[in-house]
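Report on the structure given below.
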Amino acid sequence: MYELQDVSKCYGATQALHPLSLSLPAGRTTVLLGPSGCGKSTLLRLLNGLLACDTGRVLFDGKPLPTGGDALLAVRRRVGYALQGGGLFPHLTGEENVTLMASHLRWPAAKTRERLDALVELTRFPTDALARYPSQLSGGQRQRVALMRALMLDPDVLLLDEPLGALDPLVRHELQGDLRGIFARLRKTVVLVTHDLAEAGFLGDSILLMREGRVVQQGRLADLEARPADDFVTRFIQAQRPLPGGGPGGEA
Amino acid sequence: MRVWLLVLLLVGACGGAPASGDGAPEVRVGSKKFTESVILGEAAAQLARSTGARVTHRRELGGTTVLWEALRRGELDVYPEYTGTLRQELLSGRHLPDDAALREALAESGLRMSEPLGFNNTYALGMKEAEAARLGIRRISDLRAHPSLRFGFSNEFMDRADGWPALRDSYRLPQRDVRGLDHDLAYRGMESGSLQLTDLYSTDAEIQAYGLRVLEDDLHHFPAYDAVLLYRDDLEARAPEALAAMLRLEGRVSEEDMVKLNARARLERVSEGRVASDFLATALGVTSEVRGDGLAARVWKRTREHLFLVGVSLLAAMALAVPLGVLAARRPRLGRGVLGLTGVIQTVPSLALLVVMIPLLGIGSRPAIAALFLYSLLPIVRNTAAGLAGIPPEVRESAEALGLPARARLWRIELPMAAPSILAGIQTAAVINVGTATLGALVGAGGYGQPILTGIRLDDVRLILEGAVPAAALALLASGLFDAVERVVVPRGLRLGTAVRSTR
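In C-alpha cells:
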C-alpha cells in the first residue's frame, strides 16, 4: 500500500528521520514502536501528508503522494487518522464528529445513518452517547468516537498515533482487545504508533522498532526477542518486562 | 483593499447629507463649544429661519479647526468667529496686518467675513466696580499710579508671551504683588478682597455676576477679537435673504449686551435659543420661535443617533477585523504587523483621531463612525487571532487529516471554536464604542455626547446626567445583549466547559 524511498525529515537542525526506505504491505497491521522522539509519529504524518518529506518520496498505492491541493484531500479521504486523546472537535457531538466528512461531502442521510450504525456496532459504542459532546464522554468513549470518525468514509488505510496512550490500564486493556477484533474484521492496512512493546506485539503483524530517526529492526515480536539486531533492542525489550517481584516469573 | 473600499462606501452611504427638498434655500449654521458662540449661532440661525430658509444649527462643534474645515469644505455655510482667532491662529502664517488684508486672504479660500457684530472679546483686566470707582481707575494706564495693588492672573495669562510680561512692559506697570492662580479662584479672591485685579475675557458672564469694571486697553495692547460672522461666498447667491437677515447682527451686539446674554445662559441657565430669541426681539424687533423637545423626545433622538454611530461602526469593524484576525492567525508574521498597526491606532487620542478625520470625511456622523470603526478593530482582530491560535494542535491536525479543505476547516471547525473569543472581542469593542461615541458630539455627530458637552460647558450636572446615564445604560445593555448572543452563537459543546468532563 505504501512504498517509502529514501525518505528523510528534519526539524531545523534536528534530523527527525534519517533517509529510510521501506514498504508497508496492504491489509496488514504495522506497528511503529520506539521511545519518545524516535521519529515514529513523524513517519506516520508523512503517510497522510500532514508533513512533507525533505528528501525521497512516498508512494501511495503506487503513485507519489500529492503535496497539496484536491489530490491530497482525496488521498486523505482514503486514509483514516486518529491520534492520542482523539482530537475530537469539542463543539460537535459525538455523532457530528463522526459524520462531519459525510455531511461535508453531502452524503444522503440514509447512507450516513447506515454507516454510523455499522460503526457503532463495530466499535461497541453506546448509542445514547452519540448525542453527547466530547467533554461529556469518558476517555475510552472519546477514543471510540475518534476511531469511528477515522473509519467513516471506509478508508483503505487507518493511521493511529498512540490511540490508547492517555487511557487508564483497564480501559486500555479493553480497547486493545476491541481494536484487534476490528483490525481482523476490516482487514485494512493499519499503521499504529505506540511505545508499548506488549501492545505492539498484541496488535501488530509486523513491528518497526525505531530509535533516533532510524529503523533498528523490523519483524515480528518473536523475532525481536529471539534475534535482537543490537544492544538497544535487547534493552528496549528488557525495559518493558514486568518488574522483579511484580508477578509470577519475575525473579526467574 | 477591497474591504477598505467597501467600508468607506458603507460609512459614506450612511452618513450622507439629506437631500434638499422644496425650493427653500438651505442654510447650515455652526457654533463652537462655548456659550457665546452657541448664542450667536442660535441668533444667526433664527434670523435665517425667519426668512423661510431651512436652517440647521450644528451646535458646540469641538474646536476652531473643526468649524474652519467644515466651512471650507462646504459642510457649513456660516459660523461666528473672531478676527483675532482668524489672524492669530487660522491664518497665523500669513501675518495679516489688518482686517482688509484678512478679508483678502479669506476671499482666496472662497470665504467672507461680516462687519464686526459690535463687541470685542479679548483679554481684559477687571476690578470690582466700587473699588475702581474709589481709586478712579478707568484705563489700564491708570494702574501706574497704584503700585501696591494686588494682582492675580490665570496661570495661562502669566505664562503667555503676550500676557502679563508683555502687558507690564508696554504699560510700564510697577506692581510687584502678582500671583498666578486658577481662574475660578481668582474670582473668589476678588470677592473676598484678597485680590484687586484679574485678567478675564471682555464678555465673560462673571463681569456682571461679580460686578466688575473692565479697564480700557488705552494703548491697544491686546489684539482685537472682534466677533464676526464667517460665511461662504456662495451663500449670497444661494440664500440672499437669509444672509441679509443674519447680517443684521452687524454692529448690533455691544460688549455689554454680550456679557448680559452670556450671563443669562451661563448663570441663569436659560437655553441659548431662548436667550438669542429674546435678544432678537428687543434689539432687532424680530420674533422667532424657539423649539424645544421634551426630555423623552430628546433622549430618544440621541439614542437613535448614538445607536447609529455605534451600530454602523461596529458592523463595519466586524466585517474587516474578523478576516484580519484570521489572516493574523494564519500568517503570524503578518499578524504581528496587523496587531501592531491596530494597536497604534488605539493609542491615538480619540479627539485627535476625530479631528484628523474631518479633512477626509467632513463633520457629522461620518468622521465619528470612521474613528469608532478604527478603535473597534484591535479588540476584534486580537480576539479572533487569539481564539484561532488557541485551538489545540491535535484538533487542528484532525481536521486537516480528515481531508477537509481549508475553507471548510475554517467555517466548520476553527471559527465555531474561536466563537467565544471573537464574540468577547466584539463585546469589548461595542462597550468601548458606546463610551467613545459620546465624543462624536464634538464633530457634530450628535448622540449622548451632546447633552454631556452642554452640561460640562454650563456646569450643569442635570444635563451631564441626561447624556451619561443613557450612555451607561446602553453600555450595560450592549454587554448584556452579547451575553445573550453568546448563548445562541457559541456551540453548546464549548459552553459545557470542563466542569462536566468525566474520566472513566
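From first to last, the protein sequence lines stand for chains A and B. Counting the first sequence from 1 gives a position; this note's numbering is that position plus 92. Counting the second sequence from 1 gives a position; this note's numbering is that position plus 933. Note that CB positions come from ideal geometry on N, CA and C, so glycine has one too.
Short Cβ contact (8 angstroms threshold) for residue i with residue j
{"i": "A:Leu284", "j": "A:Gly296", "result": "yes"}
{"i": "A:Pro111", "j": "A:Ser100", "result": "yes"}
{"i": "B:Thr1018", "j": "B:Asp1032", "result": "no"}
{"i": "B:Ser1103", "j": "B:His1154", "result": "yes"}
{"i": "A:Leu313", "j": "A:Ile299", "result": "yes"}
{"i": "B:Leu1372", "j": "B:Gly1382", "result": "yes"}
{"i": "A:Thr281", "j": "A:Gly119", "result": "yes"}
{"i": "B:Thr997", "j": "B:Lys966", "result": "no"}
{"i": "B:Val1272", "j": "B:Ala1254", "result": "The sequence given here has Leu at residue 1272 of chain B, not Val. Not a contact, by the Cβ cut-off of 8 angstroms."}
{"i": "A:Leu109", "j": "A:Leu135", "result": "yes"}
{"i": "B:Val960", "j": "B:Ile1296", "result": "no"}
{"i": "B:Gln1360", "j": "B:Ser1412", "result": "yes"}
{"i": "B:Ala1209", "j": "B:Ile972", "result": "yes"}
{"i": "A:Met93", "j": "B:Leu1335", "result": "no"}
{"i": "B:Leu1162", "j": "B:Ala1057", "result": "no"}
{"i": "B:Gly1051", "j": "B:Ser1187", "result": "yes"}
{"i": "A:Leu267", "j": "A:Leu256", "result": "yes"}
{"i": "A:His183", "j": "B:Pro1349", "result": "yes"}
{"i": "B:Gly1426", "j": "A:Thr185", "result": "yes"}
CA nearest to the CA of residue i, picked from the options
{"i": "B:Ala1172", "options": "B:Glu969, B:Val971, B:Leu1427 and B:Gly985", "result": "B:Gly985"}
{"i": "A:Leu252", "options": "A:Asp98, A:Arg137 and A:Arg319", "result": "A:Arg137"}
{"i": "B:Arg1197", "options": "B:Arg1185, B:Phe1212 and B:Gly1184", "result": "B:Phe1212"}
{"i": "A:Asp162", "options": "A:Gly141, A:Thr134 and A:Arg149", "result": "A:Gly141"}
{"i": "A:Arg306", "options": "A:Thr122, A:Gly129, A:Arg120 and A:Ala105", "result": "A:Gly129"}
{"i": "B:His990", "options": "B:Leu1286, B:Val1289 and B:Val1011", "result": "B:Val1011"}
{"i": "A:Leu239", "options": "A:Gly177, A:His265 and A:Asp323", "result": "A:Gly177"}
{"i": "B:Glu969", "options": "B:Thr1055, B:Leu1267, B:Trp1001 and B:Arg1072", "result": "B:Thr1055"}
{"i": "B:Asn1366", "options": "B:Ala1334, B:Val1422 and B:Ser1283", "result": "B:Ser1283"}
{"i": "B:Leu1168", "options": "B:Gly1122, B:Gly1043 and B:Val1203", "result": "B:Gly1043"}
{"i": "B:Gly1258", "options": "B:Ser1187, B:Ala1351, B:Gly1184 and B:Glu1089", "result": "B:Ala1351"}
{"i": "B:Ala976", "options": "B:Ser1087, B:Ala1341 and B:Glu1183", "result": "B:Glu1183"}
{"i": "B:Gly1122", "options": "B:Met1179, B:Ala1094, B:Gly1059 and B:Ala1374", "result": "B:Gly1059"}
{"i": "B:Ala1370", "options": "B:Ala1142, B:Ala1066 and B:Ala1408", "result": "B:Ala1408"}
{"i": "A:Asp146", "options": "A:Asp315, A:Leu175, A:Tyr103 and A:Leu214", "result": "A:Tyr103"}
{"i": "B:Val1245", "options": "B:Ser1298, B:Val1277 and B:Leu1267", "result": "B:Ser1298"}
{"i": "B:Leu1176", "options": "B:Leu1398, B:Ser1047 and B:Glu1062", "result": "B:Ser1047"}
Bridge partner(s) assigned by DSSP for residue i
{"i": "B:Asp1160", "result": "One point to set straight first is that residue 1160 of chain B is Ala, not Asp, in the sequence displayed. For B:Ala1160, which the question treats as bridged, DSSP gives the partners B:Tyr1015."}
{"i": "A:Asp253", "result": "A:Leu175 and A:Val285"}
{"i": "B:Asp1132", "result": "B:Leu1058"}
{"i": "B:Phe1084", "result": "B:Val1111 and B:Leu1130"}
{"i": "A:Met302", "result": "A:Val307"}
{"i": "A:Phe152", "result": "A:Tyr94 and A:Lys155"}
{"i": "B:Arg1165", "result": "B:Leu1044"}
{"i": "B:Gly963", "result": "B:Arg991"}
{"i": "A:Leu116", "result": "A:Tyr94"}
{"i": "A:Cys102", "result": "A:Gln107"}
Residues near residue i in its chain [Cβ-Cβ closer than 7 angstroms; skip 5 each side]
{"i": "B:Arg982", "result": "Val988 and Ser1221"}
{"i": "B:Leu1294", "result": "Pro1300 and Ala1303"}
{"i": "A:Gly126", "result": "Lys132, His287, Leu301, Met302 and Arg303"}
{"i": "A:Thr191", "result": "Thr204, Leu208 and Met244"}
{"i": "B:Gly1358", "result": "Pro1312, Ile1313, Arg1315, Asn1316 and Thr1317"}
{"i": "B:Glu1064", "result": "Gln1129"}
{"i": "B:Val1418", "result": "Leu1356"}
{"i": "B:Ala978", "result": "Val962, Val988 and His990"}
{"i": "A:Tyr83", "result": "Absent from the model: residue 83 of chain A. The displayed extent of chain A is 93 to 344, so no value can be given."}
Residues of its chain near residue i, where Cβ-Cβ distance is below 8 angstroms and the 5 sequence neighbours each way are ignored
{"i": "A:Pro320", "result": "Gln309, Thr326 and Ile329"}
Whole-number beta carbon distance between residue j and residue i, since they are thought to touch under 8 angstroms
{"i": "B:Thr1136", "j": "B:Asn1195", "result": "6 angstroms"}
{"i": "B:Ala1363", "j": "B:Phe1306", "result": "Going by Cβ atoms, the distance from B:Ala1363 to B:Phe1306 rounds to 12 angstroms, so no, they are not a contact pair."}
{"i": "B:Ser1354", "j": "B:Gly1320", "result": "3 angstroms"}
{"i": "B:Asp1151", "j": "B:Arg1072", "result": "4 angstroms"}
{"i": "B:Val1223", "j": "B:Gly1206", "result": "4 angstroms"}
{"i": "B:Ile1070", "j": "B:Leu1148", "result": "7 angstroms"}
Cutoff 6 angstroms; reference residue i; Cβ partners in own chain excluding five residues on either side
{"i": "B:Gly1400", "result": "Tyr1381, Pro1384 and Ile1385"}
{"i": "A:Leu114", "result": "Leu96"}
{"i": "B:Ile1346", "result": "Ala1332"}
{"i": "A:Gln107", "result": "Gly305"}
{"i": "B:Leu939", "result": "Unreliable positioning characterises B:Leu939 in this predicted model, as indicated by a pLDDT of 47, which lies under 50. A coordinate reading is not provided."}
{"i": "B:Arg1045", "result": "Tyr1164 and Asp1166"}
{"i": "B:Ala1138", "result": "Asn1195, Ala1196, Arg1199 and Leu1200"}
{"i": "B:Phe1084", "result": "Gln1108, Val1111 and Leu1130"}
Which of the residues in the region 1354 to 1368 of chain B, read from start to end, lie with their CB under 7 angstroms from any CB of chain C? Judged by its chain identifiers, the structure shown contains no chain C, and its protein chains are A and B.
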